[in-house]
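2 protein chains.
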Amino acid sequence: MNEPPRITEAESEVMKLLWQKEPLSAQEIIHELQEQMEWSDQTIKTFLNRLHKKNAIRFEKSGRTYLYYPLVSHDDYLKAENRSFLDRVYNGAVGMLCAKFLEEEKLSDHDIEELEKLLRKKKQS
Amino acid sequence: MNEPPRITEAESEVMKLLWQKEPLSAQEIIHELQEQMEWSDQTIKTFLNRLHKKNAIRFEKSGRTYLYYPLVSHDDYLKAENRSFLDRVYNGAVGMLCAKFLEEEKLSDHDIEELEKLLRKKKQS
DNA sequence: ACCAAACGTTTACGCGTGTAAATTTAACTT
DNA sequence: AAGTTAAATTTACACGCGTAAACGTTTGGT
């Protein structure tokens, strides 16, 4: 897979839906998004179109409804966003980044245990 | 302190220098940055000017040299960037964010211990 | 066969940002 | 006092992105 296309913030709202459930029709996407955002349907169609041009999604048409599928995986998106954030803000220092987030934000006990488990696993390598 | 001003990526390169050492003259800033970036001195002056207008930095002039000081602290910057990244990409789920970073990126043994210590402290609250 | 609805495509526009040239202002030098 | 220089300030411009209207096209209904 080549470089995944750059997905902007607004576009990512569309992608988030498709990562939850795939495929979705234009209708469904527009309906869902209009509950959260103040976007006109034309605006959402613009995002669908741009995502399509970037090869971030594809569609299949059956009759007059189009069904949309993600072409970029959520995981690839997260990886790319993580890397660019890490480099941009922390110059690549993961330790610092995690420390800052752990300090500032609240975590459930369950989260804490999961992270401890991850760290323990990490030590064996 | 009100909302800290939005600092763009390019501008943040200037800020990073000022967070390391304060104050710095225009000369010093321009020299330093031109070693890392392909920026003309005019470009850098634009950033200084924009940062000043935003109240992200201030300067004192003594003779013909201007000395620049940050007005936004590194910590406030990190806090703001963290929050927006966390919300934008992870919908606020810190646990998920940290887990992803820990999975993907390399950590020194020392980093790991520090993080474990942080988590332990976190559990007592 | 034609109309209307549903959907994609094209065009548009203002603002932020990266990039930098042109202009003004202040101050050291001679 | 005037000229030169260093620095700030103003202006400029293209491109990405959020936002959306206008236009084109396909297809189910009558």
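The listed protein sequences derive, respectively, from chains A and B.
Sequential numbering from 1 applies to the first sequence in our numbering.
Sequential numbering from 1001 applies to the second sequence in our numbering.
Positions of the beta carbon are idealized from the N, C-alpha and C atoms, including for glycine.
Owing to the predicted nature of the structure, the values given are computational and were not obtained by experimental measurement.
- Considering T43(A), what are the terminal residues of the beta strand (DSSP E) in which it resides? Per DSSP, T43(A) belongs to no beta strand (DSSP E); it is in the alpha helix (DSSP H), 41-53.
- Item | Opening and closing residue of the alpha helix (DSSP H) in which E1060(B) lies | Run containing E1060(B): none in the alpha helix (DSSP H); it sits in the beta strand (DSSP E), 1057-1062.
- Query: Within 7 Å: the Cβ of L48(A) and any heavy atom of the ligand GDP?
  - Reply: What this structure holds is no ligand at all, so the ligand GDP is not there to describe.
Exercise for review: Classify S1108(B) as helix, strand or coil using the three-state DSSP reduction.
Suggested key: coil
Residue from P1005(B), P1004(B), Y1066(B), K1061(B) with nearest C-alpha to I1029(B): Y1066(B)
Mind the definition here: the stretch 1026-1042 of chain B touches the stretch 91-103 of chain A only if three or more C-beta pairs lie below 8 Å; say whether that holds.
no
Item to complete: Mind reading off the beta-carbon distance from H74(A) to W19(A)? Whole number of angstroms is fine, and I expect it under 8 Å.
Response: 4 Å
message = Could you check whether the Cβ of V94(A) sits closer than 8 Å to any Cβ belonging to chain B?
response = yes
Practice problem: May I ask which residues mark the beginning and end of the alpha helix (DSSP H) holding L1018(B)? | Solution: 1009-1020
Original post:
Since L1115(B) sits in a beta bridge, which residues does DSSP pair it with?
Top reply: For L1115(B), which the question treats as bridged, DSSP gives no partner whatsoever.
Practice problem: Starting from the beta carbon of S1108(B), find every residue of chain A whose beta carbon is closer than 8 Å, and list them in chain order. | Solution: G95
query = If we cut at 8 Å on Cβ distances, does R6(A) have a partner in chain B?
reply = no
Quick check on this structure: which residue in Q42(A), V72(A), S25(A), G63(A) has the alpha carbon closest to the alpha carbon of S12(A)? V72(A)
Between the alpha carbons of L1048(B) and I1057(B), how many angstroms are there, rounded? 8 Å
Residues that K1100(B) contacts on chain A, provided the C-beta gap is smaller than 7 Å: L78, N82
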